[in-house]
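There are 2 protein chains.
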Amino acid sequence: MLTMTTTASKRPLRRTQEERRATSEEALVQAAIEVMKAKGVAGLTLAEVASVAGVSKGLVVHLYANKQGLQLAALARLRMDFTRRFGTQDPHAPGIERIRRYVHGIFVGLAHKDSSSRLFSALLSEALFQDRAFAEGVAAMNNATKQFVRECLEEEQSQGKRLASSDLDALATFIMSWVRGVIQMHCINEVAGAAPVDRDAMLALIDQTLAALIDGPAPEAKQPPKRRR
Amino acid sequence: MLTMTTTASKRPLRRTQEERRATSEEALVQAAIEVMKAKGVAGLTLAEVASVAGVSKGLVVHLYANKQGLQLAALARLRMDFTRRFGTQDPHAPGIERIRRYVHGIFVGLAHKDSSSRLFSALLSEALFQDRAFAEGVAAMNNATKQFVRECLEEEQSQGKRLASSDLDALATFIMSWVRGVIQMHCINEVAGAAPVDRDAMLALIDQTLAALIDGPAPEAKQPPKRRR
Numbered sequence: 001m002l003t004m005t006t007t008a009s010k011r012p013l014r015r016t017q018e019e020r021r022a023t024s025e026e027a028l029v030q031a032a033i034e035v036m037k038a039k040g041v042a043g044l045t046l047a048e049v050a051s052v053a054g055v056s057k058g059l060v061v062h063l064y065a066n067k068q069g070l071q072l073a074a075l076a077r078l079r080m081d082f083t084r085r086f087g088t089q090d091p092h093a094p095g096i097e098r099i100r101r102y103v104h105g106i107f108v109g110l111a112h113k114d115s116s117s118r119l120f121s122a123l124l125s126e127a128l129f130q131d132r133a134f135a136e137g138v139a140a141m142n143n144a145t146k147q148f149v150r151e152c153l154e155e156e157q158s159q160g161k162r163l164a165s166s167d168l169d170a171l172a173t174f175i176m177s178w179v180r181g182v183i184q185m186h187c188i189n190e191v192a193g194a195a196p197v198d199r200d201a202m203l204a205l206i207d208q209t210l211a212a213l214i215d216g217p218a219p220e221a222k223q224p225p226k227r228r229r
Numbered sequence: 001m002l003t004m005t006t007t008a009s010k011r012p013l014r015r016t017q018e019e020r021r022a023t024s025e026e027a028l029v030q031a032a033i034e035v036m037k038a039k040g041v042a043g044l045t046l047a048e049v050a051s052v053a054g055v056s057k058g059l060v061v062h063l064y065a066n067k068q069g070l071q072l073a074a075l076a077r078l079r080m081d082f083t084r085r086f087g088t089q090d091p092h093a094p095g096i097e098r099i100r101r102y103v104h105g106i107f108v109g110l111a112h113k114d115s116s117s118r119l120f121s122a123l124l125s126e127a128l129f130q131d132r133a134f135a136e137g138v139a140a141m142n143n144a145t146k147q148f149v150r151e152c153l154e155e156e157q158s159q160g161k162r163l164a165s166s167d168l169d170a171l172a173t174f175i176m177s178w179v180r181g182v183i184q185m186h187c188i189n190e191v192a193g194a195a196p197v198d199r200d201a202m203l204a205l206i207d208q209t210l211a212a213l214i215d216g217p218a219p220e221a222k223q224p225p226k227r228r229r
């Protein structure tokens, strides 16, 4: 009776099953990210993730089935973190500015050894090597990023900016593709111990290119001849 | 005596050890490419490559030590093939035109199911997952491609074109990075069975961007603040 009185206005001590599940999932995804940052994508084992998160391996299997499931969840979390930090920081900033911040955010991350950008790039590449389900998860996320870029472009278009292409999906795909390409090149050189890619120079070029694509000179009508697929 | 007379002006039937080695290497690299196109990068085994090439597995180990050695040799061969077909087709074409042909050649290749571009992209990604020696091999190749793009840019500069950056290494790295990024996106969507990336739209955007970077409006002096590495 005493106990009940003192805790009545507080949160019940005993959490619902759903709350516990969410807590375990959060801990497991964070643990998976931590393990992959330290040991690489190939170094991920369910046993180690369970141990870092302080749960049983059986629970990991129950929640994510296998390594791929956990990797996809980690990828989704990394993307959400980026979007939260950079994509929606200031929803009133012009579209091109929001794209710039998103790209710069990813690049600045590359300066740090435990970079999420680096792990994100490696997990994306995994799509080429794992099964179709994994690639579908990656493609769905790519689609979400493309959608974000597309909305920024639409906003610029509605402000009367001349975009380099009337096909906004293609333009958005193009923009996110080079960001990914530059990050991949950066990461390869890093693994190789080769001369690092000059991030500041890349960012300056990205800014120039964005400006050229979003409010550059009126696009020429010149198009390469259509090819058969 | 008769035999000697008839073969005297021909190539000797008995090849030197070096010739035989070159023939085996050629057969093995082609076999490795064939096996990886059919079964993916992870599906490569020395035993199967030896069998396809018609040599002993011992010889494969003798020549390439392991899978990584064979994969690096395959990557170098794919790059050489691209360069031979597209990079140096017409050494008298303007630099921007040679870059365009190189990029278009890679993209056209993506239309075919057994595309070398696709395998090349997958092998590049491997650099993030294998050991440093592999990444070093990939970085060295990236460097050779960058050098090709850089020479094209230098030629344009000598013709009085205004380049988007005076740092030609950075500009070359930027150009090759987005080509790689677009190819990776294309390949991921393909594995996922997602809506394909519109290659023609990408090529049109690449052409526009190349034009903007190589002879666009005079670059603005605006540069982002230098960041500490």
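Protein chains in written order, with the UniProt record's numbering: chain E, 1 to 229; chain S, 1 to 229.
Think of the CB as a built atom: it goes at the ideal place given N, C-alpha and C, for glycine as much as any other residue.
Run of the alpha helix (DSSP H) containing residue i, from where it starts to where it stops
| i | result |
| --- | --- |
| LYS161(E) | Element bounds for LYS161(E): n/a, residue is neither H nor E. |
| HIS104(S) | 95-109 |
| PHE120(E) | 116-126 |
| ARG199(E) | 199-215 |
| ASN189(E) | 168-192 |
| ALA31(S) | 17-39 |
| residue 230(E) | It is not possible to answer for residue 230(E), since the shown part of chain E is limited to 1 through 229. |
| LEU44(E) | Note, LEU44(E): premise wrong, no alpha helix (DSSP H); not H, not E. |
| GLY54(E) | Careful: GLY54(E) lies outside any alpha helix (DSSP H) and carries neither H nor E. |
Minimum Cβ-Cβ distance from residue i to chain E less than 9 Å
| i | result |
| --- | --- |
| SER121(S) | yes |
| GLY193(S) | yes |
| ALA42(S) | yes |
| GLU189(S) | A small correction: the amino acid at residue 189(S) is Asn; Glu does not occupy that position in the sequence shown. With 9 Å as the cut-off, ASN189(S) counts as an interface residue toward chain E. |
| GLN184(S) | yes |
| GLY105(S) | no |
| MET202(S) | yes |
| ARG20(S) | no |
| ASN66(S) | no |
| PHE129(S) | yes |
| ALA76(S) | no |
| SER117(S) | no |
| VAL149(S) | no |
| THR209(S) | yes |
| GLY181(S) | yes |
| ALA93(S) | no |
Below-9 Å beta-carbon distance, residue i vs any chain S residue
| i | result |
| --- | --- |
| CYS152(E) | no |
| VAL49(E) | no |
| SER165(E) | yes |
| LEU213(E) | yes |
| ALA139(E) | yes |
| MET80(E) | no |
| ASP90(E) | no |
| GLU34(E) | no |
| THR173(E) | yes |
| ALA73(E) | no |
| GLU97(E) | no |
| LEU46(E) | no |
| GLY160(E) | no |
| SER24(E) | no |
| LEU70(E) | no |
Beta-carbon spacing of residue i, residue j below 9 Å
| i | j | result |
| --- | --- | --- |
| ARG180(E) | LEU110(E) | no |
| LYS161(S) | ILE214(S) | yes |
| LEU119(S) | TYR64(S) | no |
| MET36(S) | GLN71(S) | yes |
| ILE33(E) | ARG77(E) | yes |
| GLN184(S) | LEU128(E) | yes |
| GLY95(E) | GLU154(E) | yes |
| HIS104(E) | LEU203(E) | yes |
Environment of residue i [buried if 16+ CB atoms lie within 10 Å]
| i | result |
| --- | --- |
| ALA47(S) | exposed |
| GLN208(E) | buried |
| GLN147(E) | exposed |
| GLU190(E) | buried |
| MET176(S) | buried |
| GLU126(S) | buried |
| THR173(S) | buried |
| GLY137(E) | buried |
| HIS92(S) | exposed |
| ARG100(S) | buried |
| HIS186(E) | buried |
| ASN142(S) | buried |
| LYS159(S) | Sequence check: residue 159(S) is Gln here, not Lys. Classification of GLN159(S): exposed, given that the 10 Å Cβ count is below 16. |
| SER24(S) | buried |
| GLY193(S) | exposed |
| MET80(E) | exposed |
| GLU156(E) | buried |
| ARG132(E) | exposed |
| THR5(E) | Unreliable positioning characterises THR5(E) in this predicted model, as indicated by a pLDDT of 42, which lies under 50. The coordinate reading is nonetheless provided below. Under this definition THR5(E) is an exposed residue. |
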